[in-house]
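Asker: Okay, here's the structure, questions in a sec.
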Amino acid sequence: MIVFENEEYLALERICKRRKSVRAFNEKEVYEDDLEKIINIANTSPFASGKKNWDLTIIKDKAKLSLISERIKSYLEEFTSLIKEDFRKDFINYSRNFTFFETAPAVIFLTYRTTSATSRSLDLNKAIDRDLLKVEEWERENSAKSISCVAMLILLAVESLGMGACYMTGGLLAESKFIDLITNKKERKIGAIIPIGYY
Ligand SMILES: Cc1cc2nc3c(=O)[nH]c(=O)nc-3n(C[C@H](O)[C@H](O)[C@H](O)COP(=O)(O)O)c2cc1C
């Protein structure tokens, strides 16, 4: 029988209440054994459809992180020019927070498979009600929801180790411009960018 100790709740409460998004880091290195501990916690995450369909890539290489950030910035420049003038300044301010991950000593990129088992098994000749076809959207959303669970556990694990992190999706506006630097596996999407470090 599991004995529930109040200390466990109190420790979790402390970690959750202390956690906040960290957007500026110091130079102190993030060690491999701490990254392993973070991955260990991430691996306890629940996921939809009973199949683990996510993975993570950790990048510490500064040159690679700046290249990713440069590609996002260059996309954002083009994107911003399409925004109506009245809203442009606000978007520029908002998007300033899309690329600071490049300053972190380690960055986790969470990826997930987009192959959809249930929608592929549909016999489209039989489907009459178009709502039945929304299964693809449901599967896509399930993947995104699963990634959120992983990301949250990573944030808490990072906090428990005395470091800081931020769950980021802003840069994913430009995902297609840099996914090749994260994974060469087919049918993948990036679900989150999580810079990690001491601050
Ligand atoms: C799905 C998601 C995406 C986010 N994307 C970004 C981002 O791109 N850049 C950023 O600076 N913060 C991002 N955040 C962090 C939120 O701004 C932050 O969690 C929120 O302001 C609450 O602050 P706190 O995390 O300090 O409690 C994101 C948070 C979530 C949940």
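Here this note's numbering = 1-based position in the sequence shown + 9.
Just so you know, even glycine gets a beta-carbon here, dropped at the ideal spot from N, CA and C.
1) Any heavy atom of ligand 1 within a distance shorter than 8 Å of the CB on F109?
2) Who are the Cβ neighbours of C179 in its own chain at under 7 Å, not counting the five residues just before and after it?
3) Decide yes or no for the touch test of the stretch 116-125 against the stretch 147-154: beta carbon pairs closer than 8 Å, at least 3 of them.
4) Using a Cβ distance threshold of 8 Å, determine whether the stretch 154-161 contacts the stretch 96-103, with at least three qualifying pairs required.
5) Excluding the five sequence neighbours on either side, which residues of its own chain have a C-beta within less than 7 Å of the C-beta of T127, listed in chain order?
6) Which partner residues of L119 appear in the DSSP bridge assignment?
7) Whole-angstrom Cβ separation of K73 and P114, contact assumed at under 8 Å?
8) Could you give the distance in angstroms between the alpha-carbon of W63 and the alpha-carbon of N52?
9) Apart from the five residues on each side of it in sequence, which residues of its chain come closer than 7 Å, Cβ to Cβ, to R28?
10) Just mark M10 as buried or exposed, buried being the case when its beta carbon has 16 or more other beta carbons within 10 Å.
11) Which residue from C175, L85, G171 and P55 puts its Cα closest to that of K154?
12) Is Y176 near ligand 1, with its Cβ less than 8 Å from a heavy atom?
13) According to DSSP, is G171 part of a helix, a strand, or is it coil?
14) Does DSSP put S152 in a helix, in a strand, or in coil?
15) Just the Cα atoms here: how many angstroms apart are G173 and L44?
16) Do F118 and I48 have their CB atoms nearer than 9 Å?
17) S78 to N15, Cα distance in whole Å?
18) Grab the span of the alpha helix (DSSP H) containing D70 for me, first residue to last.
19) Quick one: Cα of L76 to Cα of F110, how far?
Answerer: Considering the structure as presented:
1) Yes - ligand 1 has a heavy atom lying nearer than 8 Å to the Cβ of F109.
2) Looking at the sequence shown, residue 179 is not Cys but Gly. Cβ neighbours of G179 beyond the five flanking positions: S104, N106 and F107.
3) The count of Cβ pairs closer than 8 Å, one atom from the stretch 116-125 and one from the stretch 147-154, reaches three, so the stretches are in contact.
4) At 8 Å Cβ cutoff, the stretches do not touch.
5) Non-local beta-carbon contacts of T127 in its own chain, meaning distances under 7 Å to residues more than five positions away in sequence, involve V144 and E148 in chain order.
6) As DSSP reads the structure, L119 sits in a beta bridge with L65 and A201.
7) K73 to P114, Cβ: 13 Å. No contact.
8) Approximately 10 Å, taken between the alpha carbons.
9) Closer than 7 Å at the Cβ level, and outside the excluded window around R28, lie L164, L165 and E168.
10) Label assigned to M10: exposed.
11) Nearest C-alpha to K154: P55.
12) Yes; taking the cut-off as 8 Å, the Cβ of Y176 has a heavy atom of ligand 1 nearer than that.
13) Three-state result, G171: coil.
14) Residue state, collapsed to three classes: helix.
15) Each residue's alpha carbon lies about 13 Å from the other.
16) No, these two residues do not count as a Cβ contact at 9 Å.
17) Each residue's alpha carbon lies about 44 Å from the other.
18) No alpha helix (DSSP H) contains D70, which DSSP labels as neither H nor E.
19) One Cα belongs to L76, the other to F110, and the distance between them is close to 12 Å.
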